[in-house]
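Quick note: the sequence shown uses the numbering used here, first residue 13, plus one each step. Where a beta carbon is used, it is the ideal one built from N, C-alpha and C, also for glycine. Report on the following structure.
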Amino acid sequence: MTYPGGQYGEQPLFGNEQTQYLPVEPPQPKRTGMIVMVIVVALVLVGGVGVGLLYVNETQRTAQLTAQLAEKDRSTADKDKAIATANKAAEDAKTQAQSALTQIQEAKAQAQDAQSKLQAALDAKAAAEAKVSALTGCAQAGKDLVAATDSHDDSRLGDLGNALLAACR
Numbered sequence: 013m014t015y016p017g018g019q020y021g022e023q024p025l026f027g028n029e030q031t032q033y034l035p036v037e038p039p040q041p042k043r044t045g046m047i048v049m050v051i052v053v054a055l056v057l058v059g060g061v062g063v064g065l066l067y068v069n070e071t072q073r074t075a076q077l078t079a080q081l082a083e084k085d086r087s088t089a090d091k092d093k094a095i096a097t098a099n100k101a102a103e104d105a106k107t108q109a110q111s112a113l114t115q116i117q118e119a120k121a122q123a124q125d126a127q128s129k130l131q132a133a134l135d136a137k138a139a140a141e142a143k144v145s146a147l148t149g150c151a152q153a154g155k156d157l158v159a160a161t162d163s164h165d166d167s168r169l170g171d172l173g174n175a176l177l178a179a180c181r
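Below is the structure:
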């Protein structure tokens, strides 16, 4: 069949004539899968780089902390040696002083030591009694708050909480 005007794709001049069209080219395949794959690979690479950077940072931090710990260990060892030397010197001085003292001076020192220990014990007892008396109000306020909580008395919780704070300062 011939086409009027000789052009492919033009409509024939007459409506009844059957025209044959050439087959249409198939559409180009879509590249959606390839695009998705490229995006996934890019994300995996970015994630790998991120994990690598975190690993390197953590390795550097670990090395730094290890160096600091080694320095502290050396410092502690040096201090321990100095303390041991000082203790030995103190023991030597103590031995020499004890050999020079007489029995009377030892008795006097023991009496003074006992007196100072007694005074320290009395001071500690007074301090402990003061702490106990100060904490008694705090303990009672806490017990009152727990009792109000157990009895679900919400109206008193605020006042008891404030009382607990005031008593425990």
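DSSP three-state assignment for residue i, whether helix, strand or coil
i, result
"VAL53", "helix"
"CYS150", "helix"
"MET13", "Low confidence applies here, because MET13 scores a pLDDT of 48, under 50, leaving its location unreliable; read the following figure in that light. Looking at MET13 - three-state DSSP - the assignment turns out to be coil, as it is neither helix nor strand."
"GLU37", "coil"
"THR44", "helix"
"LEU157", "helix"
Test item: CB-CB of residue i and residue j under 8 Å
i, j, result
"LEU169", "ALA153", "no"
"ALA176", "LEU147", "In the sequence as displayed, the identity of residue 176 is Leu instead of Ala. Cβ distance not < 8 Å, so LEU176 and LEU147 don't count as in contact."
Nearest-angstrom Cα separation, counted from residue j out to residue i
i, j, result
"ALA112", "LYS120", "15 Å"
"MET13", "PRO38", "Low local confidence applies: a pLDDT of 48 at MET13 is under 50, so the model's placement there is unreliable, and no value is given."
"LEU55", "GLN72", "26 Å"
"ASP166", "GLY149", "22 Å"
"ALA151", "LYS137", "20 Å"
"SER87", "HIS164", "57 Å"
"LYS84", "LYS91", "10 Å"
"MET12", "VAL58", "The structure shown does not extend to residue 12, since the chain spans only 13 to 181, so no value can be given for it."
"ALA139", "TYR67", "55 Å"
"GLY64", "LEU81", "25 Å"
"VAL36", "LYS42", "17 Å"
"ALA178", "THR114", "58 Å"
"ILE116", "ALA98", "29 Å"
Beta carbon proximity, residue i to chain D, threshold 8 Å
i, result
"ALA82", "The structure shown contains no chain D; it is built from a single protein chain."
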